[in-house]
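I have placed the structure first, in the form of structure tokens, so that the comments after it can refer back to it.
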Amino acid sequence: MRAILKNGVAVFTPQGFLDGSSGNALLSIDDIEGTVQQNADMVLVSLKKVIFFNRNGLDSFVKMFTKVRATNHCTVGFCDLDTKKYNAITKFYKNDLAFSIFQTQEIATLFAASYKNQNKNVLLYNEDKSQRAAMAIELHDNGHNPIVAQTKKEFQEKIAVENAYDIIIQDTYLGQMGQKVATRVTGNAIIYTISSFLDAEIGNTFNIAYHNNSLNVGFRLFIFDAYKVISMNIHALNFFSKLATAGAEYNAAICFVGISFDKTPKEFKETLEDSGIMFFEQMDDILQNKKLLEELGASSAANIKEKRAINKTTITKLPNFIEATVGTIEMMTNSKAMKEAVVINKITIDQKEGKIASSIGFYGDMDGMVILVFPTGIAKKACELLIGEETDDSELILDTLAELVNIVGGKVKTLLGDIHISVDITLPRTYQNIDSLLEIVQDKKGVQVDLAFNDDKFLFFLTR
Amino acid sequence: MITKETIDNFISKIPPAPHALKETLLHLNVGDLTKAAKAASQDKALNNYLKVLVNKPIYGFRNQVNEVSQIFGILGVNKSQQAVYNYMTTLLSPSKWTLFKLNRVLFYNLQADLSMNWQKILTHLNIEDKETLSAISLLPASIIVSEALFCERKKDIDILRSVHPIDLNTILKRLTGLDLFDLCEQIAGKWEMNEKISQIIQASSGTNPSSDSDIDTLGKWMHLLLFYTLSQPQYIEAELNDFINFQVEYVSDIYEDFSQLMEIS
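Residue numbers (this note's numbering), protein chains in the order written: chain P, 148 to 611; chain F, 12 to 276.
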């Protein structure tokens, strides 16, 4: 079974009746581990479409959860359930509830460190006092504003007030939470979230392969969101020093934001600074400072020097990339593509208005980046298949576009795999206007293919 | 990917019911089992299919049954019609399955599982008419249609469904305006099946409730039976569990009754 991964939360959705035999057929340990490899903070099984389950059915999943959690440090559990299902699960596992239960996927997302849309007013209630406290702490740490109802009566009074809260949490239980270093992309920077005590375990919870691949596909600014870090020991210090030294070869910058050295030796900070790591108090000190971003390498100006040229290996595989892109857009829009021109040069976009763009990197046996520039019309049409209706909501279109580019990336991976070239893909990025795209790629050389889908001009650009 | 023309092309290629089948059904319609068996004997493939089907363990016959007249005699008029319709559905099935990990044996098993449990349900609901009994035979046509339309796009579908929660029925509806169950209805029309069969099949999609409460109730039972069946390991492994969306809310009012009947615990 396949999971859908969004905002760091991977969800499997079985349907129908779940017992011991169907549970093992629905999900395998390989399914879960394959999902975790894609950088999921949480792996959940949705019970939304399950009308019946018994203890044996859940056990088959719980055994896999336990195994995956022990090796991959991610949060595991169930989501999308009503009070009846919640009560049944908590009754089955009364003294052995190590996994989490989230009433909805939306609630689970609040607890996922990769989720970027913070500052929600969240009302929560659980009859267990320690659960209430644990949830409030996690939500607060993730940038939300938790309001805790101490009694059922208080909870009912509070939920009676209309529109007072963004999200209401009940029928939710926090088991052992994930310890993976969460990752998200903001603009041209990659942000890792680290917390509590940092020790040798950071070597296991930090996805070094992902980091190296991000360097390979051109990311130069890496920010550690370290507001929740209490202290670090010498093993963690060595880890970050090595990371900074390795990044220096790529001219990459590593920054720590929000870390306090109250409980960590002051010399540690000096050692980290010596290895090139910079420290900032607030995230906005970096992200809102355009000049600093340029200096730190998160813009085209600083990146040009390090750009690697498009090479023959990549160009010879161009037909695979075009097939993946054209096939996907044709599938999504039910239109036919016409190839109009192919040139090797810097990207040229004649008409910037009414266009949005997206990109996805790939790495492995070969590496590079695919950039797609859509007229808004094609983007909207392609999104219709996924969301089922026309929309002018630009945020929704960009979100759906990211899914679409993910599909292109997945198809590239499959097509290259067919000819024994193994690649992985990065998180997709979207650009709501052409200027923000050009900041990244205007000086990169690559292959530009102009396509027409039913007279709408569409641009494909492959670079490194 | 798939257009209205693709669908028209698919429907146009469906052959009309063969003469021997039509004749068999005509005789069954007036309750003449002897003449029906004689007509059915002209079609060797039908003979063979009936033998394979009724000798499956779920039919519970102690001894091997070989003659069509014997088979029709044991099954009676209603179940014989259902078996003939099941055979007609298999005429659409591909020689090699690509989208689903099915084969001929597993597909026949699926038909048998659905048919026997549907009969159990109708007995429970005190419904005896043969059109309602036969309606179940058209349900697996939705699987065959999915296979036919999506088999060449399996990789695309897999990738699409790995980033967005969307079932084959919704994809088809959004691309063409028609869903799998509309196509089943068109097949039923081409084979001159009773209109009631089409109505029950439409309701069983879970997304097109019927305004006729009796038909709608049957649609609910059939929808739930489909997912009860597709929750069995062999069909999950055939990747049938999520080919369409299970509408849990739609069947909530009959679930308790269903679980008692099927002895689910």
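Using N, Cα and C, we set each Cβ at its ideal position, and we do this for glycine too.
Anticipated Cβ contact below 8 Å, Thr330(P) with Asn186(P), distance rounded
6 Å
Give a yes or no on whether 8 Å exceeds the smallest Cβ distance from Arg164(F) to chain P.
yes
Compute the Euclidean distance between the alpha carbons of Thr181(F) and Lys153(P), then round it to the nearest angstrom.
20 Å
Closer than 7 Å, Cβ to Cβ, to anything on chain F: give me those residues from the region 535 to 552 of chain P, in chain order.
Gly535, Glu550
Mapping DSSP to helix, strand and coil, what is Leu609(P)?
strand
Could you spell out the range, first to last residue, of the alpha helix (DSSP H) harbouring Thr134(F)?
115 to 135
Look up Ala400(P) in the DSSP assignment and say whether it is helix, strand or coil.
strand
For Met189(P), count the other beta carbons within 10 Å of its own beta carbon; 16 or more makes it buried, fewer makes it exposed. Which is it?
buried
The alpha helix (DSSP H) with Gly405(P) in it runs from where to where?
No alpha helix (DSSP H) holds Gly405(P); DSSP gives it neither H nor E.
Along chain F, which residues have their Cβ under 7 Å away from the Cβ of Lys389(P)?
Within 7 Å Cβ-Cβ: nothing; Lys389(P) doesn't reach chain F, min ~34 Å.
I need the DSSP call for Asp162(F), collapsed to helix, strand or coil.
One detail in the question is off: residue 162(F) reads as Cys in this sequence, not Asp. Cys162(F): helix per DSSP, three-state reduction.
Please give me, in chain order, every unbroken run of the alpha helix (DSSP H) with length at least 4 that falls completely inside the region 63 to 89 of chain F.
none
Using the rule of at least 16 other Cβ atoms within 10 Å of the residue's Cβ for burial, across every protein chain shown, is Gln435(P) buried or exposed?
exposed
Cutoff 8 Å: Phe238(F) Cβ touching any chain P Cβ
yes
Nonlocal neighbours in the same chain, by C-beta distance under 6 Å from Ile451(P), ignoring five residues either side
Confidence in Ile451(P) is poor, its pLDDT being 40 and thus under 50, which makes the residue's placement too unreliable to answer from.
Beta-carbon proximity list for Leu544(P), same chain, < 8 Å, skipping 5 on both sides
For clarity, residue 544(P) is Ile in the given sequence; the question names Leu instead. Here the set comprises Ile503, Thr523, Ala526, Lys527, Cys530, Thr538.
Which one of Ser104(F), Gln122(F), Cys162(F) has the shortest CA to CA distance from Lys90(F)?
Gln122(F)
Beta carbon of Ala214(F) nearer than 8 Å to that of Asp227(F):
yes
So, does the region 306 to 318 of chain P touch the region 344 to 359 of chain P, judging by three or more C-beta pairs under 8 Å?
no
Please report whether the beta-carbon of Val259(F) lies at a distance below 8 Å from any beta-carbon of chain P.
yes
Beta carbon of Ser153(F), beta carbon of Gln92(F): below 8 Å?
no
If I measure Cβ to Cβ from Ile155(F) and keep anything under 6 Å in the same chain, skipping five residues before and after, which residues do I get?
Leu103, Ser104
So what does DSSP say about Cys530(P), is it helix, strand or coil?
helix
Using the C-alpha atoms, what's the distance from Ala172(P) back to Ser207(P)?
10 Å
State the Cα-Cα distance for the pair Ala449(P) and Leu443(P), rounded to the nearest angstrom.
Interpretation of Ala449(P) is limited by its pLDDT of 39, a score under 50 that renders its predicted location unreliable; the figure taken from the coordinates is listed afterwards. For Ala449(P) and Leu443(P), the distance between alpha carbons rounds to 8 Å.
In terms of DSSP beta bridges, what is Met379(P) paired with?
Leu345(P)
Contact between the region 202 to 219 of chain P and the region 162 to 182 of chain P is defined here as three or more beta-carbon pairs at a separation below 8 Å; is this criterion met?
yes
What residue does the beta strand (DSSP E) around Cys226(P) start on, and which one ends it?
222 to 226
For Ala471(P), name the three-state secondary structure that DSSP assigns.
helix
Spatial neighbours of Gly423(P) in its chain, beta-carbon cut-off 8 Å, leaving aside the 5 residues before and after:
Ala391, Thr392, Gly394, Ala395, Ala400, Ile401
Cutoff 7 Å; reference Met273(F); Cβ partners in own chain excluding five residues on either side
Tyr239
Reduced DSSP category for Arg149(P) - H, G, I as helix; E, B as strand; rest coil:
coil
Within 8 Å of any Cβ in chain F, is that where the Cβ of Gln162(P) sits?
yes
Return the chain-ordered list of same chain residues with a C-beta closer than 8 Å to the C-beta of Tyr491(P), the five sequence neighbours on each side being excluded.
Checking the sequence, you will find Ile at residue 491(P) rather than Tyr. Ile457, Ile462, Lys592, Gly593, Val594, Gln595.
What is the residue span of the beta strand (DSSP E) that Glu487(P) lies within?
484 to 493
Near-chain P residues of the region 96 to 127 of chain F - C-beta to any C-beta below 7 Å:
none
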